[in-house]
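Read the structure below first, then the notes.
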Amino acid sequence: MFEARLTSGKILKQLIEALKDLVQEANIDCSDDEISIQAMDNSHVSLVAVSLRSGGFDHFRCDRPLSLGFNATNMGKILKCAGNEDAITLKAEDDGDSLSMVFEGPNQDRIADFGEFARGARGSDSPPGSRREKCWKIDFNFATMRGVGVLVVIFDRKIYELKLMDIDSEQLGIPDTDYKVTIQMPSGEFQRIIRDMQVLGDTLSISCTKEGVKFGVQGDLGTGNVLIRQNAHAEKDEDRVMIEMEEPVELTFALRYLNFFTKATNLGPTVILNMSPDVPIVVEYPIGETGHIKYYLAPKIDE
Amino acid sequence: DPRQFTLLKFYELN
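Chains as they are written, first to last, in this note's numbering: chain A, 1 to 303; chain B, 1 to 14.
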């Protein structure tokens, strides 16, 4: 039995949006300390790796390791039915062939409160904003809906079943790597650079020197260059640009893939780029304290 | 133009 409830279901919606253009099918691997996804695109040029730690869920139970094979487009379609404020619970039996997804609206907690306090709350002196006052408001809503609690629960809880599939996933063994360059910058700024550079060409060079990080593109239309300098003392954490460099690195990449990666921008204010000479770049979006989505992209190399 | 490599050049399949 696997069961996990994420209060901020939006994270799951955004995660699937962030990978569904890159991979069609993948496994959600569930263990007692995390759920993870690792999948390559069809051409094996890029890889996406997701990790959500069990501690980031408000309920998590996984009796034994499970691999749940899913079609990303189909899961995306179902997750579109969840509101941005909904909590999402995932459930799967050990030998089942479907994944149950339960979406609960943000009023769900208050409905639970109603059940708990209903009798005592009527007519009592409750300070403004207290749970008992909320009960009165919910009571009013019940009356206008001409219903009872059960009706509201039906309206506020949606249950979907996604068919699962057997997927032979090719797992890449990615060694722990000390990268020569680590760049942390605002994810929105990275997204804009990638979007703008795509107007000019297909290949982006990323060059990190003492001067800063230079993003450059050359195309038939002309050339574009953007220089980002370290700005470790910006007022807001999310505006900071931090560059750690052991040695200068310059690599080139296909913009098409980098553009796919920026679909994860909504997951957090910060993106981290890790680079070393002649190895894949890692583009990481931390997801609060819950986990991360990382993309690996093989470089283009002059032969 | 530089050549696009795949990840299989850098990492082993498990």
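Ideal placement from N, C-alpha and C gives every residue a C-beta, glycine not left out.
Distance between residue j and residue i (C-alpha atoms, nearest Å)
i: I183 (chain A); j: T89 (chain A); result: 35 Å
i: R146 (chain A); j: V102 (chain A); result: Reliability of the predicted coordinates at R146 (chain A) is poor, the pLDDT of 41 falling under 50, and no value is obtained from them.
i: E17 (chain A); j: K263 (chain A); result: 7 Å
i: R131 (chain A); j: P106 (chain A); result: Bear in mind that the predicted position of R131 (chain A) carries a pLDDT of just 41, short of 50, making it unreliable; the figure below should be weighed with that in mind. Straight-line Cα distance between these residues: approximately 15 Å.
i: D1 (chain B); j: P280 (chain A); result: 18 Å
i: E250 (chain A); j: H59 (chain A); result: 44 Å
i: P286 (chain A); j: N266 (chain A); result: 11 Å
i: A4 (chain A); j: P65 (chain A); result: 14 Å
i: Y160 (chain A); j: G9 (chain A); result: 14 Å
i: F260 (chain A); j: M1 (chain A); result: 34 Å
i: E247 (chain A); j: L99 (chain A); result: 47 Å
i: A232 (chain A); j: Y179 (chain A); result: 20 Å
i: V199 (chain A); j: A298 (chain A); result: 22 Å
i: A82 (chain A); j: K9 (chain B); result: 40 Å
i: T78 (chain A); j: E104 (chain A); result: Correcting the residue identity first, residue 78 (chain A) is Ile in this sequence and not Thr. Whole-angstrom Cα-Cα distance: 14 Å.
i: K91 (chain A); j: G55 (chain A); result: 17 Å
i: G76 (chain A); j: K210 (chain A); result: 42 Å
i: F253 (chain A); j: E34 (chain A); result: 31 Å
i: R240 (chain A); j: A234 (chain A); result: 5 Å
i: I37 (chain A); j: D202 (chain A); result: 28 Å
i: L15 (chain A); j: D86 (chain A); result: 15 Å
i: I174 (chain A); j: K158 (chain A); result: 38 Å
i: D237 (chain A); j: N14 (chain B); result: 38 Å
i: T6 (chain B); j: E303 (chain A); result: 14 Å
i: Y295 (chain A); j: E284 (chain A); result: 6 Å
Own chain residues within Cβ distance below 8 Å of residue i, not counting five before or after
i: T96 (chain A); result: One point to set straight first is that residue 96 (chain A) is Gly, not Thr, in the sequence displayed. Here the set comprises L164.
i: Q230 (chain A); result: G212, V241, M242, I243
i: G268 (chain A); result: S187, Y285, P286, I287, G288
Spatial neighbours of residue i in its chain, beta-carbon cut-off 6 Å, leaving aside the 5 residues before and after
i: C30 (chain A); result: F2, C62, L66
i: D244 (chain A); result: Before going on, a small fix: residue 244 (chain A) reads as Glu here, not Asp. Once the five neighbours on either side are set aside, the close Cβ partners of E244 (chain A) are T182.
i: P277 (chain A); result: V249
i: G149 (chain A); result: Residue confidence for G149 (chain A) is low, a pLDDT of 34 falling below 50, so the modelled location carries little weight; the figure read from the coordinates is stated next. Here the set comprises nothing.
Identified DSSP bridge partners for residue i
i: A254 (chain A); result: A:T203
i: E17 (chain A); result: Answer by DSSP bridge pairing: none, since E17 (chain A) is not bridged.
i: R53 (chain A); result: A:E34
i: S98 (chain A); result: A:K163
i: Q218 (chain A); result: A:T223
i: I28 (chain A); result: A:L68
i: Q4 (chain B); result: A:K300
i: C208 (chain A); result: A:V213, A:V249
i: V283 (chain A); result: A:L273, A:Y295
i: M40 (chain A); result: A:L47
i: Q184 (chain A); result: A:M242, A:I272
i: E3 (chain A); result: A:R61, A:K91
Contacting residues, own chain, Cβ-Cβ under 7 Å from residue i (five flanking each side not counted)
i: F190 (chain A); result: T262, V271
i: A143 (chain A); result: For A143 (chain A), the pLDDT reaches just 40, beneath the cut-off of 50, and the residue's location in the model is therefore unreliable, leaving the point undetermined.
i: Y257 (chain A); result: V45, S46, L297
i: N141 (chain A); result: Residue confidence for N141 (chain A) is low, a pLDDT of 44 falling below 50, so the modelled location carries little weight and cannot support an answer.
i: Q218 (chain A); result: G201
i: R32 (chain A); result: A quick correction: the sequence has Asp, not Arg, at residue 32 (chain A). Contacts found: S54, C62.
Short Cβ contact (7 Å threshold) for residue i with residue j
i: A39 (chain A); j: V23 (chain A); result: yes
i: G69 (chain A); j: D166 (chain A); result: yes
i: L221 (chain A); j: L255 (chain A); result: no
i: K13 (chain A); j: T73 (chain A); result: no
i: S169 (chain A); j: N27 (chain A); result: yes
i: L52 (chain A); j: G288 (chain A); result: no
i: V226 (chain A); j: I193 (chain A); result: yes
i: K214 (chain A); j: Q4 (chain B); result: no
Proximal residues, the stretch 290-302 of chain A versus chain B, C-beta separation under 7 Å: Y296, A298, P299, K300, I301, D302
Contact set between the stretch 13-38 of chain A and chain B, restricted to residues whose Cβ is under 8 Å from the partner: none
Contact residues within the stretch 200-225 of chain A, judged by C-beta distance below 8 Å to chain B: T203
Chain B contacts made by the stretch 233-267 of chain A, where a contact means CB separation under 7 Å: T252, A254
Residues within the stretch 171-199 of chain A neighbouring chain B, beta-carbon criterion of under 7 Å: Q171, L172, G173, I174
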